[in-house]
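Numbering (this note's numbering), first residue to last: 1366 to 2013.
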């Protein structure tokens, strides 16, 4: 036992004197650390400066109940409880008993107020005892930033967010997510914190070791007025047709700026919200909106012209053992008319007749337009387009005629819109843009300009012909229900089957994707727009012209009736030659004649009065209008305060 006791004493001495510094450092490392202070995240603004996303600081106020000295605690605990009572509305005794119990329990992290605003934080930290700070009063303040979207659910998915879970996994949808790391996050500060048990930490001092640097602000291209129009136009139609989900995008033709983007999906209760960014991320078979690309390829390769006759039969035709159908028969019609009435047979016949022996020629035309590539927009999760070619698993003899009317390939709504926007923009294809600038207060950190994907997608001849056809689609084609005498629009309807892998099951429960892509006004386009609605109730309707077309029309017309238009006036200074000459004459006379009487006959009475009074004369004016007589002849020397009579 004596030897064992000596061993214990020896070990204690080693720990205390030999290894003491090491263990003290280790203990301090585990109980005292420099902890991150989150920087204020930058704001996200619309194009007109409206706030789309901002970080609101929220505070928790706690007290280390054993930190204040006993005498100080006894003196100030009641005034503190009284202040808390007036703040919360609860009795003084409630707070008094709670704080006293916390001290008896040696609670070093007792909660006084949770999730409060900055103004309430300032108020509470000035309460008795708490106003003495962390060392004397035991004050503990923790701050957390909460992201707020002032516009509510409108464009919420595109505005986005950035969330980091406990394991460090990051979810970053939308603009807020994409630009979070680069611009919005800022740089965290540092504060010395002490561990007080149960994963709780409290500040040792009130000040920061390293001050946090706030993030930059991001200014988007979103126009809140157009966004509101697109959101509610889409929402109303989704509810009417009981659709699963849909999207609507409005793009500025010349700049590629996305002015509005709405993505609404239905939850289990039947309400719609910004579930996913379908416009950017959902790649699907576009259906008849792709017929425009197929038709333009044939025009550019000069295998047809708009007057080429196509036999669409009686609405049914077999290709390689499979039947392709139209909603009704059109017989022999021109190629242009086949596109206007959206004939599947017409487009399949054109592409199959001229490209079946050399399908790569058709595919290469599509790839020349970059339709097989992602757009590379500044949002995470863009869907990948699929343009098959010979040798691919999904390629077959039927692939080519199927592609002619928008099947056997995949594109996102935004990718389709970008091509239609190029048609409206005289052939120049522009990358869609969501951001205008990054700023720190008024200082511009980075600006984002127009990015051209393709300088010219086709010849002016093809461009003119396709624009005329797209206009006629609305005037006399599948979109004629959208026609308005007062407002011109151009575009293409689309109706595509979806979820048809088991065709027999599909026939029992038919599902479609309805779409409309185009631009407005038709002759001098300002905006391009696409509307895609998935799985509308077939009991109500499913054709693109009926389901998506009205949304497009409503957006177009409301933009031009409800969105303020600003006319830029180059100059308010209009030069009148006659007035300029009169002024020069008056100025010359006033400078020349100081003591010699000038000739004022013919001058306006007011000009003559000003001129003579500036010479020191007293003017007696008889009448109004133009001076006809003067009592002192020109050339005579005059004196100060001399009287002159002017007759008019």
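The beta-carbon is built from N, C-alpha and C at its ideal position, and this holds for glycine as well.
**Report entry** Nearest to residue 1831 (by Cα), restricted to the options 1539, 1855, 1501 and 1818
**Finding:** Locating residue 1831 in the chain shown gives position 466, where the first residue counts as 1. Answer by Cα proximity: 1855.
**Report entry** Close beta carbons around residue 1710, own chain, < 7 Å, minus the five adjacent residues each side
**Finding:** Indexing the chain shown from 1 puts residue 1710 at position 345. Excluding sequence neighbours, residue 1710 sits near 1677, 1678, 1682, 1689 and 1691.
Requested in this report: Give a yes or no on contact between the segment 1699-1719 and the segment 1660-1680, applying the rule of three or more CB pairs nearer than 8 Å.
Outcome: Counting C-beta pairs closer than 8 Å gives three or more between the segment 1699-1719 and the segment 1660-1680, which meets the contact rule.
Report task. Could you work out which residue in 1790, 1925, 1900 and 1868 is closest to residue 1851 when comparing CA atoms only? Result -> Here residue 1851 is taken as the residue at index 486 of the chain shown, counted from 1. Per the C-alpha coordinates, the member of 1790, 1925, 1900 and 1868 positioned closest to residue 1851 is 1925.
Report task. Express the C-alpha separation of residue 1838 and residue 1844 in angstroms, rounding to a whole number. Result -> Residue 1844 sits at position 479 when you count from the first residue of the chain shown. Residue 1838 sits at position 473 when you count from the first residue of the chain shown. Approximately 5 Å, taken between the alpha carbons.
Query - Reference residue 1557, options 1507, 1669, 1444 and 1611, closest by Cα - result: By one-based count along the chain shown, residue 1557 stands at place 192. Of 1507, 1669, 1444 and 1611, the residue nearest in Cα terms is 1507.
Query raised in the report: Per DSSP, what kind of secondary structure is residue 1865 in: helix, strand or coil?
Result: Walking along the chain shown from the start, residue 1865 turns up at place 500. If DSSP states are grouped into helix, strand and coil, residue 1865 belongs with coil.
Query raised in the report: Whose C-beta lies closer than 7 Å to the C-beta of residue 1545 among residues of the same chain, with five residues either side of it excluded?
Result: Position 180 of the chain shown, counting from 1, holds the residue named residue 1545. For residue 1545, where only same-chain residues beyond five positions count, the Cβ hits under 7 Å are 1527 and 1537.
Query raised in the report: Counting pairs of Cβ atoms below 8 Å between the segment 1758-1775 and the segment 1504-1519, do you hit three or more?
Result: Touching, no, given that fewer than three Cβ pairs across the two stretches are closer than 8 Å.
Query raised in the report: What does a CB cutoff of less than 6 Å around residue 1908 pick up in its chain, not counting 5 residues either side in sequence?
Result: The count along the chain shown starts at 1 and reaches residue 1908 at position 543. Result list for residue 1908: 1860, in chain order.
Query raised in the report: Where are the alpha helix (DSSP H) runs, 4 residues long or more, that stay fully inside the segment 1420-1472, in chain order?
Result: The alpha helix (DSSP H) runs lying completely inside the segment 1420-1472 and spanning 4 residues or more are 1435-1453 and 1457-1469, given in chain order.
Requested in this report: Determine the burial state of residue 2014: buried for a count of at least 16 other Cβ atoms within 10 Å of its Cβ, exposed for fewer.
Outcome: There is no way to answer for residue 2014, as the model of the chain reaches only from 1366 to 2013.
Query raised in the report: Can you pull the DSSP bridge partners for residue 1884?
Result: For this step, residue 1884 is matched to residue 519 along the chain shown. Beta-bridge partners assigned by DSSP to residue 1884: 1855 and 1893.
Query raised in the report: Do the CB positions of residue 1652 and residue 1842 come within less than 7 Å of each other?
Result: As a first step, residue 1652 is located in the chain shown; it is residue number 287 there, counting from the start. As a first step, residue 1842 is located in the chain shown; it is residue number 477 there, counting from the start. No, the pair does not count as a contact, with Cβ atoms beyond the cut-off.
Requested in this report: Run the CB neighbour count on residue 1823, radius 10 Å, all protein chains shown included, and call it buried at 16 or more, exposed below.
Outcome: Sequence index remark: in the chain shown, residue 1823 carries index 458 (1-based). In this structure residue 1823 is buried. Its beta-carbon is surrounded by 16 or more other beta-carbon atoms within 10 angstroms.
Query raised in the report: Between which two residues does the alpha helix (DSSP H) containing residue 1378 stretch?
Result: Numbered from 1 along the chain shown, position 13 holds the residue referred to as residue 1378. Counting along the chain, residue 1378 sits inside the alpha helix (DSSP H) bounded by residues 1367-1378.
Report task. Confirm, please, whether the CB-CB distance from residue 1875 to residue 1903 is below 7 Å. Result -> The sequence position of residue 1903 within the chain shown is 538, counting from 1. The sequence position of residue 1875 within the chain shown is 510, counting from 1. Going by beta carbons, residue 1903 and residue 1875 fall inside the 7 Å limit.
Query raised in the report: Are the Cβ atoms of residue 1622 and residue 1798 separated by less than 7 Å?
Result: By 1-based counting over the chain shown, the position of residue 1622 is 257. By 1-based counting over the chain shown, the position of residue 1798 is 433. Taking 7 Å as the Cβ cut-off, residue 1622 and residue 1798 qualify as a contacting pair.
Query raised in the report: Under a Cβ-count criterion, where at least 16 other Cβ atoms within 10 Å of its own Cβ denotes burial, should residue 1815 be classed as buried or exposed?
Result: The count along the chain shown starts at 1 and reaches residue 1815 at position 450. If you draw a 10 Å sphere on the C-beta of residue 1815, you find fewer than 16 other C-beta atoms in it, and that means exposed.
Query - In DSSP terms, what residue 1649 is bridged to - result: Taking the chain shown and counting its residues from 1, one reaches residue 1649 at position 284. The partner list for residue 1649 (beta bridge, DSSP) reads 1776.
Report task. Decide if residue 1977 is buried, meaning its Cβ has at least 16 other Cβ atoms within 10 Å, or exposed. Result -> Locating residue 1977 in the chain shown gives position 612, where the first residue counts as 1. Flag for residue 1977 reads buried.
Query raised in the report: Can you list, in chain order, the residues of its chain whose CB lies under 7 Å from that of residue 1448, leaving out five sequence neighbours each side?
Result: Numbered from 1 along the chain shown, position 83 holds the residue referred to as residue 1448. Answer for residue 1448: 1492 and 1493, listed in chain order.
Requested in this report: Report yes if the C-beta distance between residue 1626 and residue 1644 is below 7 Å; otherwise report no.
Outcome: The residue labelled residue 1626 in the question sits at position 261 within the chain shown. The residue labelled residue 1644 in the question sits at position 279 within the chain shown. Yes, Cβ-Cβ distance for residue 1626 and residue 1644 is below 7 Å.
Query raised in the report: Of the choices 1619, 1636, 1582 and 1579, whose alpha-carbon is the least far from that of residue 1601?
Result: Counting from 1 along the chain shown, the entry for residue 1601 is found at position 236. Out of 1619, 1636, 1582 and 1579, the CA that lies nearest to the CA of residue 1601 is found in 1636.
Report task. Please name the residue, chosen from 1578, 1648 and 1612, that lies closest to residue 1594 on a Cα-to-Cα basis. Result -> In the chain shown, residue 1594 corresponds to position 229, counting from 1. With distances taken between Cα atoms, residue 1594 lies closest to 1612.
Report task. Would you please verify whether the beta carbon of residue 1720 is less than 7 Å from any beta carbon of chain B? Result -> Within the model displayed, chain B is absent; a lone protein chain is all it includes.
Requested in this report: Please classify residue 1514: does DSSP put it in a helix, a strand, or coil?
Outcome: By one-based count along the chain shown, residue 1514 stands at place 149. Note: residue 1514 maps to coil in three-state DSSP.
Report task. Answer yes or no: do residue 1418 and residue 1551 have a C-beta to C-beta separation smaller than 7 Å? Result -> For the purposes of this step, residue 1418 is identified with residue 53 of the chain shown, where counting begins at 1. For the purposes of this step, residue 1551 is identified with residue 186 of the chain shown, where counting begins at 1. Against a cut-off of 7 Å, the Cβ pair of residue 1551 and residue 1418 comes out as no contact.
Query raised in the report: Any idea what DSSP makes of residue 1978, helix, strand or coil?
Result: Counting from one through the chain shown, the residue named residue 1978 turns up at place 613. Note: residue 1978 maps to helix in three-state DSSP.
**Report entry** Candidates 1415, 1477, 1379 and 1420: closest to residue 1406 by CA position
**Finding:** Residue 1406 sits at position 41 when you count from the first residue of the chain shown. It is 1420.
Report task. Using three-state DSSP, classify residue 1915 as helix, strand or coil. Result -> Indexing the chain shown from 1 puts residue 1915 at position 550. DSSP places residue 1915 in helix when its eight states are reduced to three.
Report task. Can you have a look at residue 1366 and say buried or exposed, based on whether 16 or more other CB atoms are within 10 angstroms of its CB? Result -> Counted from its first residue, the chain shown places residue 1366 at position 1. Taking a 10 Å sphere around the C-beta of residue 1366, we find fewer than 16 other C-beta atoms and assign the residue as exposed.
Query - Anticipated Cβ contact below 8 Å, residue 1487 with residue 1477, distance rounded - result: As a first step, residue 1487 must be located in the chain shown, where it is residue number 122. As a first step, residue 1477 must be located in the chain shown, where it is residue number 112. Not really, about 14 Å apart at Cβ, beyond 8 Å.
Report task. Hey, could you find the ends of the beta strand (DSSP E) residue 1610 is sitting in? Result -> Counting from 1 along the chain shown, the entry for residue 1610 is found at position 245. Segment 1610-1617, the beta strand (DSSP E) holding residue 1610.
Query raised in the report: Considering residue 1630, what are the terminal residues of the beta strand (DSSP E) in which it resides?
Result: Mapped onto the chain shown, residue 1630 falls at position 265. Segment 1623-1631, the beta strand (DSSP E) holding residue 1630.
**Report entry** Inter-stretch contact at 8 Å, needing at least 3 Cβ pairs: the segment 1746-1753 / the segment 1581-1598
**Finding:** The count of Cβ pairs closer than 8 Å, one atom from the segment 1746-1753 and one from the segment 1581-1598, stays below three, leaving the stretches out of contact.
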